[in-house]
Structure formats: structure tokens, C-alpha cells
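Novice: Quick one: this structure, given as C-alpha cells, is what I'll be asking you about.
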Amino acid sequence: MAGTRTFSIIKPDATKRNLTGAVTKMLEEAGLRVVASKRIHMSRDQAEGFYAVHKERPFFGELVDFMISGPVVVQVLEGENAMQRNRDIMGATNSADAAPGTIRKELAESIEANTVHGSDSDENAAIEIAYFFDEDEIVG
Ligand code: ADP
Ligand code: MG
């Protein structure tokens, strides 16, 4: 494997605006390789399970509603220090605070509709990849 892997979601605000390619281009230009990708419409159960870590936060209900409001593209990204590299190109959670040139600064609509998800540790990346992909769906 070339480097390490992380997990990404292109969120409903982006698929709705036809930005799957624009987001993927920014990921690729940041040195990440898409080694698995599929477009899905998450069920409520699937979204609640994925975001279970946030279930006590006040925005949990709205976040789940948003994540099932349209299709998403789930991806496995590979590269050197993939998790951190992806977090860097994503930018801050609140697009208003994100650095110029990051996906969220350039493309996000709001703190919630912020275009992309990215794993926040290698441990969580492995858990999140396994939540959506079988190993034989990932081709490096
Ligand atoms: P990140 O996606 O940058 O890792 P978090 O894990 O803290 O951020 O939050 C998960 C997602 O929840 C965010 O990407 C965003 O869509 C949503 N979110 C975070 N904070 C808020 C908030 N204060 N209000 C509404 N939605 C939020
Ligand atoms: Mg997070």
C-alpha cells in the first residue's frame, strides 16, 4: 500500500450542487488517491450509527437529517499521512474559519453543510472504512 488510508464523505450539499468532481479534484491535487468510491443514500439508522460519537451534541438530530437529505459519495483515500493530509485540505469545520484554498473555504455552504467528512484519527479511519466498505471493494 502506498502510504496510509483515510475515509471521506462528499456530503449532500456537494452532490446536490454537482461538486463530486470538484471535490475529488482537490483531494487528488492534495496528493490523495481515491482507492474506493461509491454513491449511496444513507438510511437514518446508518447515519445515526456513523455519527454515534456525536449523539449527545445539540446538533445531532439536524446533522443526521442533513446527511440523509440526499446522496453522498463515500470514499477511501490513500496517500502519505492520508488522515492528516485530508484534514488539511478539508479545512476547519466552520467554513468561515477555514483557510483559503481548502475545500470547505472554497465550496462549503455553512458549518453544517460543509461539503466533506474526513476521519480524525487513523483508528477512526479504519472503523469508518469498515462501516461502508468490504476489503475487496478497495483497490489501491
Ligand atoms: P469535522 O467534520 O470537522 O470533524 P465534527 O466532527 O466536530 O467536525 O462535527 C461533525 C459534523 O457535524 C461537521 O462536519 C458538521 O457537518 C456538523 N457540525 C459540527 N458542528 C456543528 C454546529 N455547531 N452546528 C451544526 N452542525 C455542526
Ligand atoms: Mg469529525
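The sequence shown begins at 8 in this note's numbering and counts up by one. Every residue, glycine too, gets a C-beta built ideally from N, C-alpha and C.
Between the Cα of Gly147 and those of Glu85, Asn101 and Gly108, spot the shortest distance and give me the residue it belongs to.
Specialist: Numbered from 1 along the sequence shown, position 140 holds the residue referred to as residue 147. Answer by Cα proximity: Glu85.
Novice: Can you tell me where the beta strand (DSSP E) holding Val79 begins and where it ends?
Specialist: Against the sequence shown, residue 79 aligns to sequence position 72. Residues Val79 to Gly86.
Novice: Does the distance from the CB of Ser102 to the CB of Asn88 come in under 8 Å?
Specialist: Numbered from its first residue, the sequence shown carries residue 102 at position 95. Numbered from its first residue, the sequence shown carries residue 88 at position 81. Result no, Cβ atoms of Ser102 and Asn88 do not sit closer than 8 Å.
Novice: Go to Ile75, then tell me how far its beta strand (DSSP E) extends in each direction, as first and last residue.
Specialist: For this step, residue 75 is matched to residue 68 along the sequence shown. Careful: Ile75 lies outside any beta strand (DSSP E) and carries neither H nor E.
Novice: Report yes if the C-beta of Asp95 is less than 7 Å from at least one heavy atom of the ligand MG; otherwise report no.
Specialist: Within the sequence shown, numbered from 1, the residue matching residue 95 stands at position 88. No, the ligand MG has no heavy atom inside 7 Å of this Cβ.
Novice: Closest to Thr13 by CA distance: which of Glu144, Asn25 and Asn131 is it?
Specialist: To locate residue 13, count along the sequence shown from 1; it is residue 6. Here the closest residue by C-alpha is Asn131.
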